Amino acid sequence: MPQAAGLSPRPYRLKNPIRHYDWGERGPSAFIATLLGISDPNPIPYAELWVGAHPSAPSLIVREDADPVALSDGVRLWPLQLLGSRVHGIFKGQWPFLLKILSAAEALSIQAHPDRTLAPLLRAQDPNHYPDANHKPEIAVALGRFQALAGFKSVDGWQEVFRAFPEIASFVGCDIRSVDGMMRTTSPKADFVRNAFSRLLFRARNDPKGLASAVHATARRMGEAPQSFSAMADLYHELLAQYGPEDVGLLVVLFLNRVELLPGQALFLPPGLPHAYLRGNIVECMANSDNVVRLGLTPKHKDFRAILQVLDFHPVHPAVISPPEDTHTIYPAPCSEFQVHRWIVEAGRILSLTRPDGPEVILVIEGRGRIFWREKERTEAQPYDRGHSFLVPALLTEYGLEAATRTLAFSVRVPA
């Protein structure tokens with residue numbers, strides 16, 4: 104494969120954009136700032152670190168003998184050298200994935216992502232809010248204790264909410280007797296959830312004062328609610344203080360499953376799955392998209408019409424992926440764009456890697472050492488440290504890490 108000028112078969116350091124969304128961690132202990140060695144005296148929120156080629160915030164390829172190049176431009180300048188023939192063919196010359204560090208000090212919006220069919224339609228209808236035409240499956244790997252809401256509760260869970268908070272049942276028009284009737288006439292569980300959820304959204308849009316009344320009544324009942332809701336009480340009052348009683352997310356949170364991840368555990372979120380990240384730090388990987396359809400818990404654009412198109416209404420509690428503490432872990436994700444690997448290299452050890460045809464990015468979370476490769480019959484190396492990231496182009500089929508201190512790193516490849 105011929106080389107294009109300015110690109111060699113070697114790893115390249117990446118300089119990655121930071122997203123300062125309001126819900127990010129602030130102060131001297133902010134995870135992303137600490138990871139990157141940034142000492143910021145201002146309380147700016149450090150919410151996301153993007154490692155990828157999305158046109159709204161591409162990483163920069165750092166070259167020793169030339170100016171940095173945006174990864175999105177690099178794919179255009181050196182398509183086969185960066186992507187390799189296999190990935191170039193599958194994804195029609197486009198970069199396939201986006202790797203992030205996400206650091207949440209506050210709850211993110213309740214949201215879902217479109218599938219391959221709906222993404223281009225949303226893009227065509229509303230390009231200001233849907234910046235690309237790609238679907239967005241994603242996986243979240245916890246770096247510490249991480250809390251989220253994900254997937255609609257079972258029908259029994261919906262009935263439990265209506266019994267504990269009758270004002271919600273009244274607002275939705277679903278008292279227990281009508282729920283039993285709906286269950287008899289809508290045998291598929293997804294139909295029940297779709298009907299009840301649609302009632303909730305339409306009523307919230309048309310009767311904001313009624314919504315506020317139901318939200319306040321729910322807050323008052325939290326202290327006397329069944330034990331199953333006790334873990335939600337503090338969160339509920341916190342969200343009410345932050346977003347006010349006319350945000351429908353204050354009711355929707357009660358119909359979603361509470362999920363907690365421990366370090367190393369992961370959660371796969373397919374398109375259409377309702378979710379909200381609550382607090383903690385994760386490595387997140389997704390198809391190369393920034394499409395978010397928001398429902399609540401946000402001052403940003405909320406799209407009730409689109410959310411009803413996008414959502415998967417099947418009640419599901421997403422499975423937590425719990426891998427062993429191995430030196431190498433592959434996180435399963437049923438999609439063609441990405442495969443997330445976790446690498447643990449003890450101090451003094453060497454990790455040698457052979458890759459399939461295609462690009463790879465690697466992000467160092469902990470540790471320092473050297474990344475090495477073969478070039479012109481010689482072994483070359485450059486140092487790595489915590490927070491460093493590298494692009495490994497398809498040109499380079501083998502490289503490795505030599506750990507001076509215990510190293511934790513994540514890499515992303517396109518699955519073979």
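Residue numbers (my numbering): 104 to 519. We treat Cβ as the ideally placed atom computed from N, Cα and C, and that holds for glycine. These numbers were taken from a predicted model, which means no experiment stands behind them.
In this structure glutamate 128 is in contact with serine 206, their Cβ atoms being roughly 5 Å apart against a cut-off of 8 Å.
In the three-state reduction of the DSSP assignment, threonine 510 falls in the strand class. According to the DSSP assignment, leucine 338 belongs to the alpha helix (DSSP H) that extends over 333-346. Within a 10 Å sphere around the beta-carbon of serine 425 sit fewer than 16 other beta-carbons, which makes this residue exposed. Contact between the segment 366-376 and the segment 311-331 is absent, with fewer than three C-beta pairs closer than 8 Å. For serine 257, same chain residues with a beta-carbon under 7 Å away, outside a window of 5 residues either side, are Pro418 in chain order. If only uninterrupted alpha helix (DSSP H) runs of at least 4 residues are considered, those enclosed by the segment 157-210 are 174-180 and 182-193. Per DSSP, reduced to three states, the secondary structure at threonine 401 is coil, with no helix or strand assignment.
Considering only Ser316, Phe332 and Ala322, the residue with the shortest C-alpha distance to glutamate 349 is Ser316. Non-local C-beta neighbours of aspartate 125 in its own chain, meaning closer than 7 Å and more than five positions away in sequence, comprise Pro148, ordered along the chain.
According to the DSSP assignment, proline 311 belongs to the alpha helix (DSSP H) that extends over 311-324. Isoleucine 242 sits away from alanine 512, with the two beta carbons spaced by 9 Å or more. In this structure, serine 514 places its C-beta atom within 9 Å of the C-beta atom of glutamate 463. For phenylalanine 358 and valine 264, the gap between their C-alpha atoms comes out near 7 Å. For alanine 409, the enclosing alpha helix (DSSP H) covers residues 407-413. Phenylalanine 249 is positioned such that its CB atom lies closer than 9 Å to that of glutamate 363.
Leaving aside the five residues that flank glycine 399 on each side, the residues in its chain whose CB is nearer than 6 Å to its CB run, in chain order, Ile213, Asp350, Val351, Gly352 and Val355. When DSSP reads this structure, alanine 253 sits in a beta bridge with His378. In the structure shown, phenylalanine 300 adopts helical secondary structure according to DSSP, grouped into three states. In the DSSP secondary-structure assignment, histidine 431 is bridged to Trp446. By the C-beta density criterion, glutamine 184 is buried, having at least 16 other C-beta atoms within 10 angstroms.
Going by DSSP, isoleucine 141 is part of no alpha helix (DSSP H) at all; its letter is neither H nor E. Counting the other CB atoms within 10 Å of its CB gives serine 159 a total below 16, which places it among the exposed residues.
Following the DSSP letters along the chain, one finds proline 223 inside the alpha helix (DSSP H) bounded by residues 221-228. For proline 120, the CB contacts under 6 Å within the same chain, skipping 5 residues up- and downstream, are Trp153 and Ala160 in chain order. Spatial neighbours of alanine 507 in its own chain (CB-CB distance under 7 Å, excluding positions within 5 residues in sequence) are listed in chain order as Ala450, Arg471 and Gly472. It is roughly 13 Å from the alpha-carbon of valine 413 to the alpha-carbon of tyrosine 233. Under the three-state reduction of DSSP output, lysine 118 falls in the strand class. The beta carbon of leucine 498 is closer than 6 Å to those of Pro112 and Gln184 in its chain, skipping five residues each way along the sequence.
Non-local C-beta neighbours of lysine 312 in its own chain, meaning closer than 6 Å and more than five positions away in sequence, are absent. Boundaries for isoleucine 147: no beta strand (DSSP E) harbours it, and the DSSP string shows neither H nor E there. Rounded to the nearest whole angstrom, the CA to CA distance from arginine 509 to leucine 139 is 18 Å. Apart from sequence neighbours up to five positions away, the residues of its chain that approach leucine 303 with a beta-carbon distance below 6 Å are Val275, ordered along the chain. Put simply, the backbone Cα of arginine 361 is about 5 Å away from that of leucine 252. Pairing leucine 163 with alanine 150 gives a Cβ-Cβ distance that is not under 9 Å.
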